[in-house]
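First residue of the sequence shown? That's 0 in numbering that gives the first Met the number 0, and the numbers climb one at a time after it.
Everything on this sheet refers to the single structure shown next.
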Amino acid sequence: MIIKKRLIISWLFHPESLQSSDGIMLPRIANPMNYQILNEQLVELDKIRIQKPIWGLPELLTLPFEEVMYKSHRSFDKIMPELFEDFCAKEECGILLCRGDVTIVYGFGGNQLHIWYFVEQDGKSVFNFYTCNVCDSENIGVGIVNTLIADDGLFSGTLQERQKKLAFIAEFVATYVAVKRYVQVETTVVPPGKFTAIKGTPLEYIEKKKVLNQTGQEVIVMDSKWFRKIINDNDIYVRGFFRMQNKKNELGEWCKELIFVDSFVRHGYHRNAKIEDKI
């Protein structure tokens, strides 16, 4: 697997470099008002990067890790307000490298989750949209300018489908931060320009699973063995889920830890699935 160069990473990490701004583009859309709105939203991100927040290393989500997010984000509904408040208090922020050449820049703060969504096109990082999200009860409410979500040059599908997509992205980011903060996951720091094997990969797949990082700087690969189990069950199947569990820390103080309860069946069997050749 090759992690291609994404100019948005250089732009965020090197605010002092004028050259890094050359590859950050706005999409080609017909509505001049929407173009101006996107430009203003990108300017706001520029102001943030000049302050040099602690982004942490860019994090690449493997297919198994993304499957955990897709299949379990609903499990967080009841505890999301608590998690959301905690993330905002700590001003969590970061950079997610997703499939489809998508880069998500996110930041929590002021009881809001801010998301800037970029897509790589022709060697450029194109800024597609920004959303400002709040957590209301068990749901995350998405805030976006009405004319932007109605722009066919930015989104496809019906208005309802567009709203669902934006809500899912916000829930996906919040769920990801929760898993990263509270769950033990497999991580590999991939240095630039070197082939690196992902931890825990069976020997027969190491050559196929090596990662080449072309971004110019270190990247963390987030991996997971969850959902690599095939379950044959004729009785009752219980899907894995997340929950907050009380525990004592090293000082003997009570705190909460997010744990993942594995999927299980009664009177069935589990076996390891074959690892896919492509991520």
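No residue lacks a Cβ here, since even glycine has one placed at the ideal position from N, Cα and C.
Status (buried if at least 16 other CB within 10 Å, exposed otherwise) for residue i
| i | result |
| --- | --- |
| G199 | Per-residue confidence for G199 stands at a pLDDT of 46, beneath the threshold of 50, marking its modelled position as unreliable; the derived number appears in the next sentence. When all chains shown are included, G199 counts as exposed. |
| C254 | exposed |
| T130 | buried |
| M32 | exposed |
| T61 | buried |
| G99 | exposed |
| E170 | buried |
| L96 | buried |
| Q40 | buried |
Three-way DSSP call (helix, strand, coil) for residue i in this model
| i | result |
| --- | --- |
| G140 | strand |
| N145 | helix |
| Q50 | coil |
| I7 | helix |
| L153 | coil |
| L257 | strand |
heavy atom of the ligand MG below 7 Å from residue i C-beta
| i | result |
| --- | --- |
| I258 | Summarising the ligand content, the structure contains no ligands, and the ligand MG is consequently not present. |
8 Å contact criterion, which residue i and residue j should meet: CB distance rounded
| i | j | result |
| --- | --- | --- |
| L112 | N132 | 4 Å |
| A173 | I139 | 6 Å |
| Y34 | L44 | Their Cβ separation, rounded to whole angstroms, is 16 Å, which puts Y34 and L44 out of contact at 8 Å. |
| L6 | G22 | 3 Å |
| T146 | S124 | Actually they do not touch by this definition, with Cβ atoms about 23 Å apart. |
Contact check, residue i vs residue j, beta carbons under 8 Å
| i | j | result |
| --- | --- | --- |
| L257 | A177 | yes |
| P57 | I8 | yes |
| E91 | F107 | yes |
| Q159 | V141 | no |
| A29 | G152 | yes |
| I53 | M243 | no |
| V144 | L11 | no |
In DSSP terms, what residue i is bridged to
| i | result |
| --- | --- |
| W115 | V104, Y129 |
| S124 | I23, E119 |
| Q35 | According to DSSP, which records beta bridges pairwise, Q35 is partnered with nothing at all. |
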